[in-house]
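Since the structure comes first, as structure tokens, the remarks are kept for the end.
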Amino acid sequence: MFLTKMPTPPSSQLHQLVSRLPQPLHQLLGRPATNLVLPDNIVCFQRTSARDLNRPRRGRALHHRFVLMCALRTTVTVCVDDQNIRLRAGEGLLVFPFQFHHYTQPDREELSWLFVTFELAEADALAALRYRPFELTPELRALAAELVASYETERTAELPVLLLALLLARLRRLKAVAHPAPGAPAPVPGLMMRVNQLAQRSGVSPGIKEIARALGISPSHLRARFKASCGVSIGRHLRRLRLEQACGLLRLGPQRVSEIAETCGFSSIYSFSRAFRMAYGVSPLTYRHSGRAAPGRAKRANRA
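Here numbering that gives the first Met the number 0 is used: the first residue of the sequence shown is 0, the next is one more, and so on.
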């Protein structure tokens, strides 16, 4: 994988920039720092063939991490929730936690895609990037190259964390890439996205009745519509959302397993442990301890 790095600005350009700096009125009073929330538990990896994009398991992936994908070579359709986004070579996309996604219709089998998955305690600042592809500008490519280089060589996580935070700050300033289909209407929020938003917005995991009431339809109508449009029962979908929420709490939160089970809407710690083991192959405690012992390693449930 190769990312072109921008050349260092010439000294004449730096001289011009410095010459425009004003003299401070108060040399000890600078610009205050805002409340920075830094990404954590960063994993960088690549995909070189289209058949590997849907690894490690077939079907639609969903997890509690952010997935930043950069299509360096080969165009592929990324299906996020119920939207199909044609991600072209030279573009990127940010997939948010608890979003189903998979990949279809590659232009060719060989490709070069960079993936950066990470956790972030506060996602509101990135909300404008949801479902919005962006151009991989020379500045972004240079930052991505530095991020990958530091990820491969640094023994500590400080520099990759800061570089990814800077890259995300750059992304928030970009305009989205428009991909209008001929004669196609503007996309509208789909049912799965609305259900996901309701599930994430609530302090406790909502049930089907609560979601149906918020959408203004009956529970039976919601079940039928969700199954028809999303290909899976809403009960199974909500259960998977609760399990992915539990993964995030196990990794990042100080709560006991019994408290996490209650927060995520399970009737008992036994039903929670049984469902968790069936989904991920390990117990909640094993998942927590393995995640904290090796925070830099990619987990099977965390990859795109």
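Heads up, the beta-carbon is just placed ideally off N, CA and C, and yes, glycines get one too.
- [ ] Would you mind stating whether leucine 71 and leucine 113 have Cβ atoms separated by less than 8 Å?
- [x] Taking 8 Å as the cut-off, the Cβ atoms of leucine 71 and leucine 113 count as close.
Open item on the list: Let's test the definition: count the other Cβ atoms within 10 Å of the Cβ of valine 17 and tell me whether it reaches 16, buried, or not, exposed.
Closed with: Valine 17 is classed as exposed because its beta carbon has fewer than 16 other beta carbons within 10 Å across all chains shown.
Open item on the list: I need the DSSP call for isoleucine 268, collapsed to helix, strand or coil.
Closed with: Three-state DSSP puts isoleucine 268 in a helix.
Task: CB of proline 132 within 8 Å of CB of leucine 92, strictly - done: Yes, they are a contact pair.
Open item on the list: Closer than 7 Å to a non-hydrogen atom of the ligand MN - does that hold for the CB of isoleucine 207?
Closed with: The ligand content of the structure shown is nil, which means the ligand MN is not present either.
Open item on the list: Just to confirm the assignment, what range does the alpha helix (DSSP H) spanning leucine 163 have?
Closed with: Leucine 163 -> alpha helix (DSSP H) spans 157-171.
Open item on the list: In the DSSP output, what is serine 48 paired with across the bridge?
Closed with: BP columns for serine 48 point to Glu109.
Task: proline 253 classed as buried or exposed, judged by whether at least 16 other C-beta atoms fall within 10 angstroms - done: Classification for proline 253: exposed.
- [ ] Under 6 Å Cβ to Cβ from leucine 173, same chain only, skipping five residues before and after it: list those, please.
- [x] The answer, listed in chain order, is Phe133.
Task: Close-in-space but distant-in-sequence residues of the same chain around arginine 129 (CB under 7 Å, 5 per side omitted) - done: Excluding positions up to five away in sequence, the list reads Phe95.
Task: Residues near leucine 221 in its chain [Cβ-Cβ closer than 7 Å; skip 5 each side] - done: Around leucine 221: Ile207, Ile210, Ala211, Leu214 and Ile233.
TODO: Using the Cα positions of methionine 277 and alanine 122, report the straight-line distance between them to the nearest angstrom.
DONE: Whole-angstrom Cα-Cα distance: 29 Å.
- [ ] Name the residue from Asp80, Val66 and Ile84 whose alpha carbon lies nearest to the alpha carbon of threonine 74.
- [x] Minimum Cα-Cα distance from threonine 74 among the listed residues Asp80, Val66 and Ile84 corresponds to Ile84.
Open item on the list: Please report the distance separating the alpha-carbon of cysteine 43 from that of arginine 154.
Closed with: Between cysteine 43 and arginine 154, the C-alpha separation is close to 14 Å.
Open item on the list: For histidine 100 and cysteine 78, which I take to be in contact (beta-carbon distance under 8 Å), what is that distance rounded to the nearest angstrom?
Closed with: The beta carbons of histidine 100 and cysteine 78 sit about 6 Å from each other, so the pair counts as a contact at 8 Å.
Open item on the list: So, with DSSP's three-state summary, where would you put phenylalanine 225?
Closed with: Three-state result, phenylalanine 225: helix.
TODO: Using a threshold of 8 Å, state whether the C-beta atoms of valine 115 and leucine 163 are closer than that.
DONE: Yes; because the gap between Cβ atoms is below 8 Å, this pair is in contact.
Task: Sheet register partners of cysteine 43 (DSSP bridge) - done: Val115.
TODO: Rounded to whole angstroms, what's the CA-CA distance from leucine 146 to aspartate 39? Just pull it up for me.
DONE: Between the alpha carbons of leucine 146 and aspartate 39 lies a distance of about 14 Å.
Open item on the list: Please report the distance separating the alpha-carbon of leucine 67 from that of histidine 236.
Closed with: Distance between the alpha carbons of leucine 67 and histidine 236 is about 23 Å.
Task: Proximity below 8 Å, CB of proline 159 to CB of isoleucine 41 - done: For proline 159 and isoleucine 41, yes; Cβs fall inside 8 Å.
- [ ] Might you give, ordered along the chain, the residues of its own chain that have their beta carbon closer than 7 Å to the beta carbon of leucine 52, omitting 5 neighbours on each side?
- [x] Counting only Cβ-Cβ distances below 7 Å, and skipping sequence neighbours, we find Arg46, Val75 and Tyr102.
Open item on the list: If we define contact as Cβ-Cβ less than 8 Å, is valine 281 a contact residue for chain C?
Closed with: Of the protein chains in this structure there is only one, and it is not chain C.
Task: Between the CA atoms of serine 267 and serine 257 - distance to the nearest angstrom - done: Near 8 Å, if we compare the C-alpha coordinates of serine 267 and serine 257.
Task: Minimum C-alpha distance to glutamate 261 - residue among Arg30, Leu20, Pro205 and Thr136 - done: The shortest C-alpha separation from glutamate 261 is found at Pro205.
Open item on the list: At the level of alpha carbons, what is the spacing between serine 270 and cysteine 69?
Closed with: CA-CA distance, serine 270 to cysteine 69, rounds to 39 Å.
Task: Buried/exposed call for proline 21, threshold 16 Cβ in 10 Å - done: Exposed, by the Cβ-count rule.
TODO: Could you spell out the range, first to last residue, of the beta strand (DSSP E) harbouring isoleucine 84?
DONE: Note, isoleucine 84: beta strand (DSSP E), 82-86.
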